[in-house]
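Trainee: The sequence shown maps to residues 1 to 459 in the UniProt record's numbering. Where is the CB? At the ideal position from N, CA and C, for every residue including glycine. Quantities reported herein were computed from a predicted structural model and do not represent experimental measurements. Just dropping this structure here.
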Amino acid sequence: MTKTMDRFDYDLLVLGGGSGGVRAARMAAQRGARVALVEAAALGGTCVNVGCIPKKLYSYAAGYAEAFEEAAGFGWRVPEPRFDWATLKANRAREIGRLNGIYRDLLKGAGVEVVEGWGLLADAHTLQVGQRRMTGRHILVATGGTPFLPEIAGRELALSSDQMFDLDPFPKRLVVVGGGYIACEFASIFRGLGAEVTQLQRGGRILSSFDQDISRFLASEMGKTGIDLRLNAQVERIAHTPKGLHLTLAGGDLLDADAVLFATGRRPNTANIGLEAAGVRLDAQGAVVVDAHYRSSVPSIFALGDVSTEMQLTPVATAEAMALVDHLLGPAPGKAARTVSYEYIPTAVFTHPPVGTVGYTEEAARAEFGRVTVFRTEFKPLKHTLSGRGERTLMKLVVDAASDRVVGLHMVGPDAGEIVQGFAVALRAGATKAVFDGTIGIHPTAAEEFVTLREPAPE
Ligand code: FAD
Ligand code: NDP
Numbered sequence: 001m002t003k004t005m006d007r008f009d010y011d012l013l014v015l016g017g018g019s020g021g022v023r024a025a026r027m028a029a030q031r032g033a034r035v036a037l038v039e040a041a042a043l044g045g046t047c048v049n050v051g052c053i054p055k056k057l058y059s060y061a062a063g064y065a066e067a068f069e070e071a072a073g074f075g076w077r078v079p080e081p082r083f084d085w086a087t088l089k090a091n092r093a094r095e096i097g098r099l100n101g102i103y104r105d106l107l108k109g110a111g112v113e114v115v116e117g118w119g120l121l122a123d124a125h126t127l128q129v130g131q132r133r134m135t136g137r138h139i140l141v142a143t144g145g146t147p148f149l150p151e152i153a154g155r156e157l158a159l160s161s162d163q164m165f166d167l168d169p170f171p172k173r174l175v176v177v178g179g180g181y182i183a184c185e186f187a188s189i190f191r192g193l194g195a196e197v198t199q200l201q202r203g204g205r206i207l208s209s210f211d212q213d214i215s216r217f218l219a220s221e222m223g224k225t226g227i228d229l230r231l232n233a234q235v236e237r238i239a240h241t242p243k244g245l246h247l248t249l250a251g252g253d254l255l256d257a258d259a260v261l262f263a264t265g266r267r268p269n270t271a272n273i274g275l276e277a278a279g280v281r282l283d284a285q286g287a288v289v290v291d292a293h294y295r296s297s298v299p300s301i302f303a304l305g306d307v308s309t310e311m312q313l314t315p316v317a318t319a320e321a322m323a324l325v326d327h328l329l330g331p332a333p334g335k336a337a338r339t340v341s342y343e344y345i346p347t348a349v350f351t352h353p354p355v356g357t358v359g360y361t362e363e364a365a366r367a368e369f370g371r372v373t374v375f376r377t378e379f380k381p382l383k384h385t386l387s388g389r390g391e392r393t394l395m396k397l398v399v400d401a402a403s404d405r406v407v408g409l410h411m412v413g414p415d416a417g418e419i420v421q422g423f424a425v426a427l428r429a430g431a432t433k434a435v436f437d438g439t440i441g442i443h444p445t446a447a448e449e450f451v452t453l454r455e456p457a458p459e
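So, in structure tokens, the structure goes:
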């Protein structure tokens, strides 16, 4: 993208001000490109407004329930704690409002023009926002995704994660449908905050794309916190009754609830934005089909983040944005052009206890490498020797036997996300089990277990 002039109003028009769109707009403008960003709702997108950030704040809130209980074993006398949902909601809203402002200031500071409104592609170089038409040499579609709810009778009575943050009143009885990231995280959050939670997963395990040990272990730990997890359970119908909501499950089981959350996946936001008219090809899920440089079937139109990527994670969207900017504008002086490697992307699920994982599951590693060695440990964390809590931790390494490379690292336990982030660097760097073995642990921590696992798990 050469900095121009002439035919186009802008060098880059960005549709969507979420994780990917904001990063791309800001980086491109900082390099001197003329950039406008169109956003219909609050700046920051899903992650800031109804995703990662408010979810993690609520997860911290839920964690206090455990902390108050555990404190007694350490000598603390804590009066009967009382939770105030309204305070949490108000404090979250204030913090999110502050972040929205920071995003606005960052964009403004970089010289990005922010245009409020619903944007539509009018053609390969034009966005329409209300009455305004804007042309761009390149257009980036970064419109993210939206919750998907299956077609069942009474679907309109169910909620998506978007509506959970401001729910009123607090649901005493919550049914969570799904077994993925959002279902598990919200089940943990609302259980911690005091709701009776029933979680219904259609298949035989939760977190079905994760290592099987992780799924099984997390299900057991979530069960210990009081979540009534039911596997192979499907909702057939939801009805309104004077006492709340009434669910009928396949097989005839009945459930009553105050609120029902469907966390059954998300779909790309590609409807009603003019993509078809502009000739942009979509896949069967409605995602924009892009090449390795995020270019769609229309050469001037690019897409990244949840609208086009299978890995719906904020750091993936922002990494893609930076790679795209380097591709269009050339790398920053003295630096190589950034690209995104989709291997060894670490991820965490902020359940109680949380999950952290990077690399191959045991099953995928066996399929890919043939012979693998597995190292596994399960233990009661030191803290719980006094806290009285029955929670346990699982840690697991998957090693390619031929090369000795550690190709998978998985954990369920306190701080799993924090711990796995560091190990992700080692796995990307190709660390072998011998390198792990030669690394001195930090004592006493849970993380040190990853460098002291000596005996392979029995096959
Ligand atoms: P988005 O952030 O969704 O941004 C898209 C933006 O486009 C939105 O602001 C939308 O309003 C705007 N838009 C759409 N259409 C138009 C239009 N026509 N005109 C104008 N504006 C438009 N990821 C993590 O890495 N860690 C987490 O802990 C995590 N937790 C999550 C929790 C929840 C409940 C959810 C739902 C998601 C979570 N995610 C998490 C995923 C993460 O939020 C997404 O991967 C990320 O936000 C994707 O960024 P994006 O830029 O592709 O899209
Ligand atoms: P997921 O894909 O993680 O999970 C969807 C769940 O819904 C699965 O358990 C799936 O079952 C189930 N499901 C799908 N369709 C149906 C149906 N028709 N009826 C009943 N159950 C169904 O999606 P989420 O909505 O939880 O989250 C969307 C994405 O957002 C995640 O994939 C992740 O990328 C991102 N995210 C990331 C977070 C993080 O980084 N911590 C937190 C929250 C979201 P099955 O397992 O059988 O397929």
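Would the C-beta of L120 count as close to ligand 1, meaning under 8 Å from any of its heavy atoms?
Mentor: Answer for L120: yes, Cβ within range of ligand 1.
Trainee: Using a threshold of 9 Å, state whether the C-beta atoms of V114 and L120 are closer than that.
Mentor: Result no, Cβ atoms of V114 and L120 do not sit closer than 9 Å.
Trainee: Indicate whether A263 and V176 have their beta-carbon atoms separated by less than 9 Å.
Mentor: Yes, Cβ-Cβ distance for A263 and V176 is below 9 Å.
Trainee: For the beta strand (DSSP E) holding I206, just list the boundary residues, first then last.
Mentor: Looking at the DSSP string, I206 is not in any beta strand (DSSP E), and its letter there is neither H nor E.
Trainee: Starting from the C-beta of N49, find all residues in its chain whose C-beta is less than 8 Å away, skip the five residues before and the five after it, and write them out in chain order.
Mentor: So the list reads A41, A42, I96 and N100, once near-sequence residues are dropped.
Trainee: Quick one: what's got a C-beta closer than 7 Å to K172's C-beta in the same chain, skipping five residues either side?
Mentor: Cβ neighbours of K172 beyond the five flanking positions: A195, E196 and D258.
Trainee: Quick check: is any heavy atom of ligand 1 less than 8 Å from the C-beta of L43?
Mentor: Because some heavy atom of ligand 1 lies under 8 Å away, the Cβ of L43 counts as near it: yes.
Trainee: Using the C-alpha atoms, what's the distance from L427 back to G441?
Mentor: Answer to the nearest angstrom: the Cα atoms are 17 Å apart.
Trainee: Could you check the C-alpha separation between G20 and G251 for me, to the nearest Å?
Mentor: So the alpha carbons of these two residues sit roughly 43 Å apart.
Trainee: Given a cut-off of 9 Å, decide if H352 and S59 are closer than it, judged by their beta-carbon atoms.
Mentor: In this structure, H352 lies closer than 9 Å to S59 by Cβ.
Trainee: What are the start and end residues of the alpha helix (DSSP H) that includes V48?
Mentor: Residues G45 to V50.
Trainee: Runs of 3 residues minimum, wholly inside the segment 206-240: which ones carry the beta strand (DSSP E) assignment?
Mentor: Segments of the beta strand (DSSP E) lying fully in the segment 206-240: 228-230.
Trainee: Quick one: what's got a C-beta closer than 8 Å to F74's C-beta in the same chain, skipping five residues either side?
Mentor: Result list for F74: L386 and S387, in chain order.
Trainee: Suppose contacts are defined by Cβ-Cβ distances below 9 Å. Is V355 in contact with A365 by that definition?
Mentor: Contact flag unset, no.
Trainee: Mind checking which residues open and close the alpha helix (DSSP H) that includes E418?
Mentor: Counting along the chain, the alpha helix (DSSP H) containing E418 begins and ends at A416 to R428.
Trainee: Decide if D306 is buried, meaning its Cβ has at least 16 other Cβ atoms within 10 Å, or exposed.
Mentor: Under this definition D306 is a buried residue.
Trainee: Which residues in the same chain as F186 place their Cβ atom closer than 7 Å to its Cβ, once the five residues preceding and following it in sequence are excluded?
Mentor: Within the same chain, F186 has close Cβ partners S161, M164, V176, L261 and A263.
Trainee: When every heavy atom of ligand 1 is checked, does at least one fall within less than 8 Å of the C-beta of T241?
Mentor: No, the Cβ of T241 stays beyond 8 Å of every heavy atom of ligand 1.
Trainee: I'd like to know whether the C-beta atoms of I227 and R191 end up nearer to each other than 9 Å.
Mentor: A contact, by the Cβ cut-off of 9 Å.
Trainee: Could you give the first and the last residue of the continuous beta strand (DSSP E) run that contains R266?
Mentor: Unbroken beta strand (DSSP E) run through R266: R266 to P268.
Trainee: Could you compute how far the alpha carbon of V406 sits from the alpha carbon of V340?
Mentor: Approximately 21 Å between the Cα atoms of the pair.
Trainee: Distance, Cα to Cα, S220 vs Q201?
Mentor: Cα to Cα, the separation comes out at about 14 Å.
Trainee: With three or more beta-carbon pairs closer than 8 Å as the criterion, would you say the segment 227-238 touches the segment 363-379?
Mentor: Taking 8 Å as the limit for Cβ pairs, the verdict is that the segment 363-379 does not touch the segment 227-238.
Trainee: Nearest to G413 by alpha carbon, out of V425, G51 and E378?
Mentor: Comparing Cα positions, the closest option is E378.
Trainee: Which residue wins for smallest C-alpha separation from L295, given the options K380, V425 and L140?
Mentor: The amino acid at residue 295 is misidentified as Leu; the sequence shows Arg. Nearest C-alpha to R295: L140.
Trainee: With a threshold of 8 Å (Cβ to nearest heavy atom), would Q312 be considered close to ligand 1?
Mentor: Yes - ligand 1 has a heavy atom lying nearer than 8 Å to the Cβ of Q312.
Trainee: For the alpha helix (DSSP H) that contains I182, what are its first and last residues?
Mentor: Start and end: Y181 to G192.
Trainee: H384 lies in the alpha helix (DSSP H); which residues open and close that run?
Mentor: First-last of the alpha helix (DSSP H) with H384: K383 to S387.
Trainee: Specify the secondary structure class of K396 as computed by DSSP and reduced to three states.
Mentor: If DSSP states are grouped into helix, strand and coil, K396 belongs with the strands.
Trainee: Just the Cα atoms here: how many angstroms apart are L159 and L229?
Mentor: Going by the C-alpha atoms only, they are around 19 Å apart.
Trainee: Consult DSSP for D9 and reduce its assignment to one of helix, strand or coil.
Mentor: In this structure, D9 counts as coil in the three-state DSSP scheme.
Trainee: Closest by CA to D404, which one among G51, P331, D326 and G370?
Mentor: Comparing Cα-Cα distances from D404 to each of G51, P331, D326 and G370, the minimum goes to G370.
Trainee: According to DSSP, is L304 part of a helix, a strand, or is it coil?
Mentor: Correct three-state label for L304: coil.
Trainee: Less than 6 Å between C-beta atoms, sequence neighbours within five positions excluded: which residues of the same chain meet that for A337?
Mentor: These residues qualify, in order along the chain: D326 and P331.
Trainee: Closest by CA to M395, which one among A446, G244 and D84?
Mentor: Selected option, being the one with the closest Cα: A446.
Trainee: Got a sec? Which residues, its chain only, sit under 7 Å from L30 by beta carbon, not counting five neighbours each side?
Mentor: Here residue 30 turns out to be Gln, not Leu, going by the sequence shown. Closer than 7 Å at the Cβ level, and outside the excluded window around Q30, lie A110.
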